[in-house]
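Asks: Numbering (the numbering used here), first residue to last: 410 to 933.
1. Can you tell me which residues form a DSSP beta bridge with residue 553?
2. Buried or exposed: which applies to residue 765, given that a residue is buried once 16 or more other Cβ atoms fall within 10 Å of its Cβ?
3. Leaving out five residues before and five after residue 453 in sequence, what residues of the same chain have Cβ atoms less than 6 angstroms from its Cβ?
4. Taking only runs that begin and end inside the segment 499-552, name each unbroken alpha helix (DSSP H) of 4 or more residues, in chain order.
5. Residue 677: buried (16+ other C-beta within 10 angstroms of its C-beta) or exposed?
6. Output the boundary residues of the alpha helix (DSSP H) element that contains residue 677.
7. Just reading off the alpha helix (DSSP H) that residue 706 is part of, what are its end residues?
8. Here's the rule: buried if 16 or more other CB atoms are within 10 angstroms of the residue's CB, otherwise exposed. What is residue 759?
9. Please report how far the alpha carbon of residue 839 lies from the alpha carbon of residue 728, in whole angstroms.
10. How would you label residue 726, buried or exposed, when you count the other beta carbons within 10 angstroms and need 16 or more for buried?
11. For residue 823, name the three-state secondary structure that DSSP assigns.
12. With distances taken from CA atoms, which of 568, 516, 423 and 606 is nearest residue 555?
13. Give the straight-line distance between the Cα atoms of residue 480 and residue 449, rounded to the nearest whole angstrom.
14. Check whether the Cβ atoms of residue 802 and residue 509 sit closer than 7 angstroms, and answer yes or no.
15. Closest to residue 526 by C-alpha separation, out of 597, 443 and 723, would be which residue?
16. Report the partner residues of residue 443 according to the DSSP bridge assignment.
17. So which of 523, 818 and 787 has the shortest CA-CA distance to residue 421?
18. Is it buried or exposed for residue 750, if we count other Cβ within 10 angstroms and need 16 for buried?
19. Run through DSSP, which three-state label would residue 566 get?
20. So, under 8 angstroms CB-CB, residue 377 and residue 762 are touching, yes? Tell me the CB distance rounded to an integer number of Å.
21. Please report the distance separating the alpha-carbon of residue 582 from that of residue 536.
22. Quick test of your reading: residue 436 and residue 742, contact by CB under 8 angstroms. State the CB separation rounded to the nearest angstrom.
23. Just reading off the alpha helix (DSSP H) that residue 482 is part of, what are its end residues?
24. Excluding the 5 residues preceding and the 5 following residue 879 in the sequence, name in chain order all residues of the same chain whose CB lies nearer than 8 angstroms to its CB.
25. Between the alpha carbons of residue 426 and residue 483, how many angstroms are there, rounded?
26. Using 10 angstroms around the beta-carbon of residue 423, count the other beta-carbons present and answer buried if the total reaches 16, otherwise exposed.
27. Span of the beta strand (DSSP E) holding residue 578?
28. Excluding sequence positions up to five away, which residues of its chain have a Cβ less than 7 angstroms from the Cβ of residue 769?
29. Using 7 angstroms as the threshold, is the C-beta distance between residue 812 and residue 708 below it?
30. Comparing the C-beta of residue 659 with each C-beta of chain C, is any distance below 7 angstroms?
31. Just the Cα atoms here: how many angstroms apart are residue 696 and residue 721?
32. For residue 572, which beta-bridge partners are listed by DSSP?
33. For residue 710 and residue 615, I'd like the C-alpha separation in whole angstroms.
34. Please name the residue in 809, 562 and 444 whose C-alpha comes closest to that of residue 705.
35. When the distance is taken between beta carbons, is residue 612 closer than 7 angstroms to residue 646?
36. If I'm right that residue 658 touches residue 608 with Cβ under 8 angstroms, what's the distance once you round it to whole angstroms?
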């Protein structure tokens, strides 16, 4: 134990400092070298599979090594199959890293939200365990008989003559109810912390995203991170979250807590029942999709300021109108980010393991392996959860940019051309026509809307060349058709090609004597 404390006192503080530096490096790598990071994670995942297969062959576990090698080959084939999505994932993560770099205030804000939430969870957990200890001891309900084996020793048996505990602790009725509600409070609070963080990130990033529009250019913007954009206000986002939108965030957290409970219950039931196992295979993807959509609805609440249910309906209609897929794409960035975190954490844990073993093997011998493993495990945990925190922020930024793009596309505008160029590569949907044929409904490449042109108005006073007031084209300059398709709006189905000619009305004759003459009695 002393050797473990000595090595832990050396390596754990170093790991804590390097975890903070590693988070900055992690963000920098995904911002500037996103494609390299994606490729490194893929090569690393395949390489680790091959390495563990070789270890299995070397240790004599040949069947397990063959299975692992087959799984690794299938994984490599799958990565090659989705190579187009992986390239797009790299571009998405690069823009997300740039957006997070422009709003670095989100990092301490998210950390503060999690620390405050941890205090709330500790309070709720303390109340839960305290309530469970309020009660009294009594005879166990399952005891059917007992056998005395001495003055102070008794063996209790149930109806099947199996040995059971003679006594049991019974919680009081009100304490049991309190423990139940405390457990619900802890489950809801855990999801509420994540939703508050997501809302804050979404509100801040959406302010930054649409700042180019507010600067005067509603059709396009400069590159992301340009001087025309301003960082979002984290303070304002927190104010929105904890005041006007807190009910929506709390409701979304309750939905997520219920979904998590259902998923855990299905997983437990599937272990001992084949029917529940089959149902679990069908329900888990649906529940995961509902969980993902709930997060998208929270992002829509942060962007639009709507309540949760109207925001959920609006974002669903927006995604449906634009043929935008969600779940089929977003597991790719999530998987890449998490594996990159695992790879970097394992690399550092390996360095700590061999360094600790080299320092401790002289005085401990074979026990040095256990000391080195314990120190490396603690170092892995510190590095993993620190990097996972930054990865979660990056994923929240990616999802927020996705919803911002969907709202842009629904309103026919381009706030960031480079983001639209990436998201337009999202796979479309297969659509069945009324005659039974199948077509591919890929997202339409978006172009900046052209200015709307009014329909042709015939001249009220015909003249040779038409009448043209200052600043307007002459009569006949506009085509006799409706607004051009692809512009800000397409009214060709509701308006005729041109309005009917206006009737010619002659002005009244001037009064006798002119406009300045005084009328006579006869004229009056």
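From the three backbone atoms N, C-alpha and C, an ideal C-beta is built for every residue, glycine too.
Replies: The short version:
1. To locate residue 553, count along the chain shown from 1; it is residue 144. Paired residues: none, contrary to the question.
2. If you number the chain shown from 1, residue 765 lands on position 356. Residue 765 comes out buried.
3. As a first step, residue 453 is located in the chain shown; it is residue number 44 there, counting from the start. If we look at residue 453 and ignore the five residues flanking it on each side, its Cβ neighbours are 752.
4. Within the segment 499-552, the complete alpha helix (DSSP H) runs of at least 4 residues are 515-541.
5. Position 268 of the chain shown, counting from 1, holds the residue named residue 677. Result: exposed.
6. Translated into the one-based positions of the chain shown, residue 677 becomes position 268. 655-678 is the span of the alpha helix (DSSP H), which, as asked, contains residue 677.
7. Here residue 706 is taken as the residue at index 297 of the chain shown, counted from 1. 683-713 is the span of the alpha helix (DSSP H), which, as asked, contains residue 706.
8. Numbered from its first residue, the chain shown carries residue 759 at position 350. The residue is exposed, with fewer than 16 neighbouring Cβ atoms inside 10 Å.
9. The residue you call residue 839 lines up with position 430 of the chain shown. The residue you call residue 728 lines up with position 319 of the chain shown. Residue placement at residue 839 is flagged as unreliable, the pLDDT there being 40, under the threshold of 50; a coordinate-derived value is accordingly withheld.
10. Position 317 of the chain shown, counted from the first residue, corresponds to residue 726. With fewer than 16 other Cβ atoms within 10 Å, it is exposed.
11. Here residue 823 corresponds to residue number 414 of the chain shown, with the count starting at 1. The answer is coil: DSSP assigns residue 823 none of H, G, I, E or B.
12. Taking the chain shown and counting its residues from 1, the one referred to as residue 555 is at position 146. Out of 568, 516, 423 and 606, 568 has the C-alpha closest to the C-alpha of residue 555.
13. Against the chain shown, residue 480 aligns to sequence position 71. Against the chain shown, residue 449 aligns to sequence position 40. If you take the alpha carbons of residue 480 and residue 449, they lie about 19 angstroms apart.
14. On the chain shown, position 393 is the one that residue 802 refers to. On the chain shown, position 100 is the one that residue 509 refers to. Result yes, Cβ atoms of residue 802 and residue 509 sit closer than 7 angstroms.
15. Residue mapping note: residue 526 aligns to position 117 of the chain shown, counting from 1. Residue 526 has its Cα closest to that of 597, out of 597, 443 and 723.
16. Position 34 of the chain shown holds residue 443. Partner(s): none; residue 443 has no beta bridge.
17. Within the chain shown, residue 421 is the residue found at index 12, counting from 1. Nearest of 523, 818 and 787 to residue 421, Cα basis: 787.
18. As a position in the chain shown, residue 750 is number 341, starting the count at 1. Label assigned to residue 750: buried.
19. Stepping through the chain shown from its first residue, residue 566 is reached at position 157. It is a strand residue.
20. Nothing can be reported for residue 377, as the shown portion of the chain is limited to 410 through 933.
21. By 1-based counting over the chain shown, the position of residue 582 is 173. By 1-based counting over the chain shown, the position of residue 536 is 127. The C-alpha of residue 536 is placed about 15 angstroms away from the C-alpha of residue 582.
22. Counting from one through the chain shown, the residue named residue 436 turns up at place 27. Counting from one through the chain shown, the residue named residue 742 turns up at place 333. Contact between residue 436 and residue 742 is absent: CB atoms are separated by about 14 angstroms, not below the 8 angstroms threshold.
23. As a working mapping, residue 482 is identified with position 73 in the chain shown. In the DSSP annotation of this structure, the continuous segment of the alpha helix (DSSP H) that includes residue 482 starts and ends at 471-490.
24. For the purposes of this step, residue 879 is taken as residue 470 along the chain shown, with counting starting at 1. Caution applies to residue 879, whose pLDDT of 40 falls short of 50 and renders its modelled position unreliable; the value that the coordinates give is listed next. Closer than 8 angstroms at the Cβ level, and outside the excluded window around residue 879, lies no residue.
25. Walking along the chain shown from the start, residue 426 turns up at place 17. Walking along the chain shown from the start, residue 483 turns up at place 74. Distance between the alpha carbons of residue 426 and residue 483: 38 angstroms.
26. What you label residue 423 is simply residue 14 of the chain shown in a count that begins at 1. Counting Cβ neighbours within 10 Å, residue 423 comes out exposed, since fewer than 16 surround it.
27. For the purposes of this step, residue 578 is taken as residue 169 along the chain shown, with counting starting at 1. Note, residue 578: beta strand (DSSP E), 576-580.
28. Translated into the one-based positions of the chain shown, residue 769 becomes position 360. Within the same chain, residue 769 has close Cβ partners 412, 416, 777, 780 and 781.
29. If you number the chain shown from 1, residue 812 lands on position 403. If you number the chain shown from 1, residue 708 lands on position 299. In this structure, residue 708 lies closer than 7 angstroms to residue 812 by Cβ.
30. Looking for chain C here will not work: only one protein chain is present.
31. As a first step, residue 696 must be located in the chain shown, where it is residue number 287. As a first step, residue 721 must be located in the chain shown, where it is residue number 312. C-alpha separation (whole angstroms): 16 angstroms.
32. Locating residue 572 in the chain shown gives position 163, where the first residue counts as 1. Its beta-bridge partners are 566.
33. Residue numbering aside, residue 710 sits at position 301 when the chain shown is read from its first letter. Residue numbering aside, residue 615 sits at position 206 when the chain shown is read from its first letter. So the two alpha carbons sit approximately 11 angstroms from each other.
34. Translated into the one-based positions of the chain shown, residue 705 becomes position 296. Residue 809 is the option with its Cα nearest to residue 705.
35. Along the chain shown, one-based indexing puts residue 646 at 237. Along the chain shown, one-based indexing puts residue 612 at 203. Yes.
36. As a position in the chain shown, residue 658 is number 249, starting the count at 1. As a position in the chain shown, residue 608 is number 199, starting the count at 1. That pair is a contact at about 5 angstroms.
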